[in-house]
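In the working numbering, the protein residues as written are 45 to 282.
The C-beta atom is built at its ideal place from N, Cα and C for all residues, glycine as well.
Given the structure is predicted, the values throughout are model-derived calculations rather than measurements.
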């Protein structure tokens, strides 16, 4: 019986102890206390080097437009080869207005564009009055360049561009430069600047073996040997 009372007293003590500890166990843990650390300001301000930001270069596309006309009156002729010329031209609006003011707009549309080619080989001036000959080439109304077959190598020419009216009158508009077609054969000059090499070989058998050019220049027989061949040189003058 005594043991029973001891057990009951122990159980009652445990219950009282549990009731006393229960509020503490159910209370949430408090946050850790934050320590106040004093902030130490640096004596000098340090910062990374700041460089200016490079702005991107904006490249504009180049204007590659080439105008078809420049508003300049001109007629230019070039020698393409010994037999052909090439000409290009431009008639400005000012030149056109002068023609219309003098002859009328109807005359411009009724007339035909014509290119005159004058042969002035050996002449000092470019004049239609003194030209050896000339030819006329009727052009397309919208043409601004033309290939011209002259068929005459080593000749000099100049051109005129004009309009041929219905009544036969020719109105000159532009005059070109002077041009000379190149040769289509070997030059006929055989003087000391253009020596005949074949002729020199023909007379080499008369020259003593081992002779130098300086020694040969003073020999009368050498100078006499090349004269019949038509070869001349300043070194062989008597």
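#1: Is it buried or exposed for residue 27, if we count other Cβ within 10 angstroms and need 16 for buried?
#2: So residue 135 and residue 158 are in contact, right, with Cβ under 8 angstroms, and what is the actual spacing, rounded?
#3: Whose C-alpha, out of 230, 121 and 117, is nearest the C-alpha of residue 141?
#4: In terms of alpha-carbon separation, which member of 98, 171, 105 and 197 lies closest to residue 226?
#5: To which residues of the same chain is residue 185 closer than 7 angstroms at the C-beta, ignoring the five residues directly before and after it?
#6: So, is residue 51 buried or exposed, given that buried needs 16 or more other C-beta atoms within 10 angstroms?
#7: Look at the Cβ atom of residue 222, then the Cβ atom of residue 202, and state whether they are nearer than 7 angstroms.
#8: Among 205, 193, 60 and 231, whose alpha-carbon lies nearest the alpha-carbon of residue 130?
#9: Spell out a yes or no on whether the segment 104 to 113 and the segment 160 to 177 are touching, meaning 3 or more CB-CB pairs, one atom from each, closer than 8 angstroms.
#10: Pick helix, strand or coil for residue 143, following the three-state DSSP scheme.
#11: Mind listing, in chain order, the continuous beta strand (DSSP E) runs of no fewer than 3 residues lying wholly within the segment 107 to 135?
#12: If you run the structure through DSSP and keep just helix, strand and coil, what is residue 169?
#13: From residue 218 to residue 210, what distance separates their C-alpha atoms?
#14: Quick check on this structure: which residue in 229, 163, 151 and 137 has the alpha carbon closest to the alpha carbon of residue 204?
#15: Rounded to whole angstroms, how far is the Cβ of residue 224 from the Cβ of residue 200, which I believe are closer than 8 angstroms?
#16: How would you write the range of the beta strand (DSSP E) that residue 178 sits in, first residue to last?
#17: Between which residues of its own chain and residue 151 is the CB-CB distance below 7 angstroms, once the five residues before and five after are set aside?
Straight from the coordinates:
#1: This structure cannot speak to residue 27, because the chain is shown only from 45 to 282.
#2: For the purposes of this step, residue 135 is taken as the residue at position 91 of the chain shown. For the purposes of this step, residue 158 is taken as the residue at position 114 of the chain shown. In fact, because the Cβ distance is near 13 angstroms, the residues do not count as touching under 8 angstroms.
#3: For the purposes of this step, residue 141 is identified with residue 97 of the chain shown, where counting begins at 1. Nearest C-alpha to residue 141: 117.
#4: Your numbering for residue 226 matches position 182 in the chain shown. Considering only alpha carbons, the answer is 197.
#5: Along the chain shown, one-based indexing puts residue 185 at 141. Once the five neighbours on either side are set aside, the close Cβ partners of residue 185 are 157.
#6: As a working mapping, residue 51 is identified with position 7 in the chain shown. When all chains shown are included, residue 51 counts as exposed.
#7: Position 178 of the chain shown, counted from the first residue, corresponds to residue 222. Position 158 of the chain shown, counted from the first residue, corresponds to residue 202. The answer is yes: Cβ separation under 7 angstroms.
#8: Taking the chain shown and counting its residues from 1, the one referred to as residue 130 is at position 86. Per the C-alpha coordinates, the member of 205, 193, 60 and 231 positioned closest to residue 130 is 193.
#9: Taking 8 angstroms as the limit for Cβ pairs, the verdict is that the segment 160 to 177 does not touch the segment 104 to 113.
#10: Looking up residue 143 in the chain shown gives position 99. Residue 143 carries a helical assignment under DSSP once its states are collapsed to helix, strand and coil.
#11: Runs of the beta strand (DSSP E) inside the segment 107 to 135: 118 to 125 and 128 to 134.
#12: For the purposes of this step, residue 169 is identified with residue 125 of the chain shown, where counting begins at 1. Coil at residue 169, not helix or strand.
#13: As a working mapping, residue 218 is identified with position 174 in the chain shown. As a working mapping, residue 210 is identified with position 166 in the chain shown. The alpha-carbon atoms of residue 218 and residue 210 are separated by roughly 20 angstroms.
#14: In the chain shown, counting from the first residue as 1, residue 204 sits at position 160. Taking only the C-alpha atoms, the option nearest residue 204 is 163.
#15: Taking the chain shown and counting its residues from 1, one reaches residue 224 at position 180. Taking the chain shown and counting its residues from 1, one reaches residue 200 at position 156. Residue 224 to residue 200, Cβ: 5 angstroms. Contact.
#16: Translated into positions along the chain shown, residue 178 becomes position 134. 177 to 182 is the extent of the beta strand (DSSP E) around residue 178.
#17: Here residue 151 is taken as the residue at index 107 of the chain shown, counted from 1. Around residue 151: 209.
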